[in-house]
Structures are given as structure tokens and as C-alpha cells.
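Student:
2 protein chains.
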Amino acid sequence: MKNTIRIERAILNITQADLAERIKVSRQTINAIESNKYIPSTVLALKIAREFNKSVEDIFELDESD
Amino acid sequence: MKNTIRIERAILNITQADLAERIKVSRQTINAIESNKYIPSTVLALKIAREFNKSVEDIFELDESD
DNA sequence: TCAAAATGTAAAATAAACTTTACTTTTAGT
DNA sequence: ACTAAAAGTAAAGTTTATTTTACATTTTGA
Chain G
1135 MKNTIRIERA ILNITQADLA ERIKVSRQTI NAIESNKYIP STVLALKIAR EFNKSVEDIF
1195 ELDESD
Chain C
1135 MKNTIRIERA ILNITQADLA ERIKVSRQTI NAIESNKYIP STVLALKIAR EFNKSVEDIF
1195 ELDESD
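First to last, the sequence lines map onto chains G and C.
All the letters of the first sequence, read from the start, carry residue numbers 1135 to 1200 under the numbering used here.
All the letters of the second sequence, read from the start, carry residue numbers 1135 to 1200 under the numbering used here.
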């Protein structure tokens, strides 16, 4: 699965730490999701999408490996 | 977090086992998600929503406890 | 170029998702 | 009421997400 978190962060001009604080997870969690180290729970995906005023599908996309 | 999987299943008239098979998880996983025993990963949420031709936000909704 | 901020990364620990097996209870059709 | 299918549940085990701490590297701005 891929995601556009880095791009959305750039649009809002916020850091990983900023985003982490807003959705109340650790900065490393954001970093790990952003660099595809693991897949977030649906709660996190909904919160992340909400921060960006986008849908989950806008931010997260399934690929063949899923 | 709550979800409308049971309703969507009713609309499509498919069983938990059917849905489980379609998205390739165990029937117990569908049952557990449906009865809010745990939160699915984003991959599962995307697949479930896709089966129902709905968005993740249509199916899964954050509540205060999240 | 220097310093600060941001990002990358890693190991250890914990929590949570998911599977498998198996059994019980409920529901629906005849 | 009987039966079969569907749904509920539970325990044990495996895998994966998430946190915490800590340090290294990269980027950015003055």
C-alpha cells in the first residue's frame, strides 16, 4: 500500500512531528507509515485523512501486494 | 470506532463467511471487526469498503473514544 | 559555514490485529 | 419442531503496529 502523506504535509507545510502531535501518535509512527514500514490502523488512517481534508482513499492506495 | 459492515452485508445479502472469502481473511476476523472487538488495518478497511462500493468514511466512523 | 530543525533509523518492549481450531448459540426455512 | 446455515465466542499462538529512548544523518536558514 502506498500513501501521499509526505505530499500532503508539504502542501500544509507541517513537519512529521506536527502531524504526529495533531493526531496524537509518536513522530516515529508517522515516519514509519510515511516510509511504508507498516500499515496504520483504520483509526489512524481516518485521522490522517481528516487532517488533510481528504478521504482515506485519496491518501492511501492499495497495490498488488495487498 | 463504529462501522456499518452488517448493514452493507445485508444490502448485498452476503454472509460473514462470504465477505471473509472475498477479501481473504478469516470469518472470525470479519466477525470481530463487525462486533467492534478490534480495529482493522487500513488495507482491510480499503478492501471492505471496495467490496461495498463505498468509501472508507462511509463504512467506518470515528467516535469520541478514538 | 554553523547551528538548529527535521528526518532517518534501530532496538527493545508492549499492545493489538489476525489466524486457527473448535465449540455453542441463534436464525431461517421446511 | 427439526435441521442446516449463520453467527457468536474463546483460547492459544503468530505477526504486526506502536511507543519509547536514543543516536545519526540530512536539510534549511541566517
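Yeah, the Cβ is synthetic: ideal placement off N, Cα and C, and Gly gets one too.
No experiment lies behind these values; they were computed from the predicted model shown.
What does Asn1137/C pair with, by DSSP beta-bridge criteria?
Tutor: Start at 1 with the first residue of the second sequence, and residue 1137/C comes out as number 3. In the DSSP output, where bridge partners are listed per residue, Asn1137/C has Phe1194/C.
Student: By the DSSP assignment, the alpha helix (DSSP H) with Lys1181/G in it spans what residues?
Tutor: For the purposes of this step, residue 1181/G is taken as the residue at position 47 of the first sequence. Start and end: Thr1176 to Glu1185.
Student: Given a limit of 7 Å on CB to CB distance, which residues of the segment 1156-1169 of chain G reach chain C?
Tutor: Listed by position along the chain: nothing, the set is empty.
Student: In this structure, how does DSSP classify Glu1152/C when only helix, strand and coil are distinguished?
Tutor: Taking the first residue of the second sequence as 1, we reach residue 1152/C at position 18. Residue 1152/C is actually Asp in this sequence, not Glu. Of the three classes helix, strand and coil, the one that applies to Asp1152/C here is helix, per DSSP.
Student: Work out the CA separation of Lys1136/C and Thr1163/C for me, nearest whole Å.
Tutor: In the second sequence, counting from the first residue as 1, residue 1163/C sits at position 29. In the second sequence, counting from the first residue as 1, residue 1136/C sits at position 2. Whole-angstrom Cα-Cα distance: 15 Å.
Student: Given this structure, state the Cα-to-Cα distance separating Leu1077/G from Val1190/C, to the nearest angstrom.
Tutor: Chain G is shown only over 1135 to 1200; residue 1077/G falls outside these bounds and no answer can be derived.
Student: Leaving aside the five residues before and after Glu1168/G along the sequence, list all residues of the same chain whose C-beta is less than 6 Å from its C-beta, in chain order.
Tutor: Position 34 of the first sequence, counting from 1, holds the residue named residue 1168/G. These residues qualify, in order along the chain: Ile1139 and Arg1140.
Student: With DSSP run on the structure shown, which of helix, strand or coil describes Asn1165/C?
Tutor: Locating residue 1165/C in the second sequence gives position 31, where the first residue counts as 1. It is helical.
Student: Counting only beta-carbon atoms, is Phe1186/G nearer than 8 Å to chain C?
Tutor: By 1-based counting over the first sequence, the position of residue 1186/G is 52. Output row for Phe1186/G: interface = no.
Student: Which same chain residues, not among the five before or five after Arg1161/G, have their C-beta less than 7 Å away from its C-beta?
Tutor: Mapped onto the first sequence, residue 1161/G falls at position 27. Excluding sequence neighbours, Arg1161/G sits near Gln1150, Ala1151 and Ala1154.
Student: If you count every other CB in all the chains shown that lies within 10 Å of the CB of Leu1178/G, and 16 or more means buried, which is it?
Tutor: Residue mapping note: residue 1178/G aligns to position 44 of the first sequence, counting from 1. Answer is buried; the Cβ neighbour count reaches 16.
Student: Measure the alpha-carbon distance for Pro1174/G versus Thr1176/C and round it to whole angstroms.
Tutor: Taking the first residue of the first sequence as 1, we reach residue 1174/G at position 40. Taking the first residue of the second sequence as 1, we reach residue 1176/C at position 42. Whole-angstrom Cα-Cα distance: 6 Å.
Student: Return helix, strand or coil for Ile1145/G, following the three-state DSSP convention.
Tutor: Residue numbering aside, residue 1145/G sits at position 11 when the first sequence is read from its first letter. If DSSP states are grouped into helix, strand and coil, Ile1145/G belongs with the helices.
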